[in-house]
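Taking it in order: structure first as structure tokens, then the write-up.
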Amino acid sequence: MHKDKYVFAQLASFLDRNKFNYIARKYDGDKYVKHFTCWNQLPALVFGQLSNRERLRDLIVALDAHHSKSYHLGIGKNVLKSSLARANQDRDYYIFEDYAYYLVNQARQKRVSNIFNLDGNVYAFDSTTIDLCLSVFWWAKFHKK
Numbered sequence: 031m032h033k034d035k036y037v038f039a040q041l042a043s044f045l046d047r048n049k050f051n052y053i054a055r056k057y058d059g060d061k062y063v064k065h066f067t068c069w070n071q072l073p074a075l076v077f078g079q080l081s082n083r084e085r086l087r088d089l090i091v092a093l094d095a096h097h098s099k100s101y102h103l104g105i106g107k108n109v110l111k112s113s114l115a116r117a118n119q120d121r122d123y124y125i126f127e128d129y130a131y132y133l134v135n136q137a138r139q140k141r142v143s144n145i146f147n148l149d150g151n152v153y154a155f156d157s158t159t160i161d162l163c164l165s166v167f168w169w170a171k172f173h174k175k
């Protein structure tokens, strides 16, 4: 039996729920809501972002695959496609935008003083492919297609 916290739950534990609830109250995000609150929506959307889901249906399929663990992941009850779609449509996006700005500000404050205090050598690699005109740069043949 698994006794430790899941990685997603450990990441979600860094989120300040009091600040998020303050922002949700500011925009009346949970007004007339009984079950699927803004706080339930946030980890579902974060899970979709971290698991690289492009569509709502993909996200629901991934969440259903972890249905038995959804409470321990911090998502709460299982998320229905209709509930998530309605929440995405009806809720003000400023709730999540303000919270994202808050998190970015928190991250900046934590790293602003010691950003370049790194031990050892630091190397930066760039593997960007630059397209060149082969009629001018004949020596830069990389791919034929």
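First residue of the sequence shown: 31, per the numbering used here; consecutive thereafter.
Every residue gets a Cβ at the ideal spot worked out from N, C-alpha and C, and that includes glycine.
Keep in mind that this is a model prediction, so the values were computed, not measured.
Let's see if you can read the secondary structure: which residues bound the alpha helix (DSSP H) around SER113?
Stepping through the sequence shown from its first residue, residue 113 is reached at position 83. Its alpha helix (DSSP H) spans residues 111-120.
In the structure shown, what three-state DSSP assignment does GLY78 receive?
Position 48 of the sequence shown, counted from the first residue, corresponds to residue 78. DSSP places GLY78 within a helical segment (H, G or I) once states are collapsed to three.
By how many angstroms is the C-alpha of ASN147 removed from the C-alpha of THR67?
The residue labelled residue 67 in the question sits at position 37 within the sequence shown. The residue labelled residue 147 in the question sits at position 117 within the sequence shown. In a straight line, the C-alpha of THR67 is about 41 Å away from that of ASN147.
Is ILE125 near PHE50, with beta carbons less than 9 Å apart?
Residue mapping note: residue 125 aligns to position 95 of the sequence shown, counting from 1. Residue mapping note: residue 50 aligns to position 20 of the sequence shown, counting from 1. Cβ atoms of ILE125 and PHE50: closer than 9 Å.
If you count every other CB in all the chains shown that lies within 10 Å of the CB of ARG121, and 16 or more means buried, which is it?
Here residue 121 is taken as the residue at index 91 of the sequence shown, counted from 1. With a 10 Å radius around the Cβ and a threshold of 16 neighbouring Cβ atoms, ARG121 comes out buried.
Quick one: what does DSSP say PHE155 is sitting in, helix, strand or coil?
Residue mapping note: residue 155 aligns to position 125 of the sequence shown, counting from 1. Reduced to three states, the DSSP call for PHE155 is coil.
Enumerate in chain order the residues of its own chain whose CB-to-CB distance from ILE105 is below 6 Å, with the five nearest sequence positions on each side excluded.
Residue 105 sits at position 75 when you count from the first residue of the sequence shown. Cβ within range, chain order: PRO73 and ALA74.
Could you check what DSSP says for HIS96 in three-state terms: helix, strand or coil?
Locating residue 96 in the sequence shown gives position 66, where the first residue counts as 1. Of the three classes helix, strand and coil, the one that applies to HIS96 here is coil, per DSSP.
Check whether the Cβ atoms of LEU93 and LEU41 lie closer than 9 Å to each other.
What you label residue 93 is simply residue 63 of the sequence shown in a count that begins at 1. What you label residue 41 is simply residue 11 of the sequence shown in a count that begins at 1. LEU41 is positioned such that its CB atom lies no closer than 9 Å to that of LEU93.
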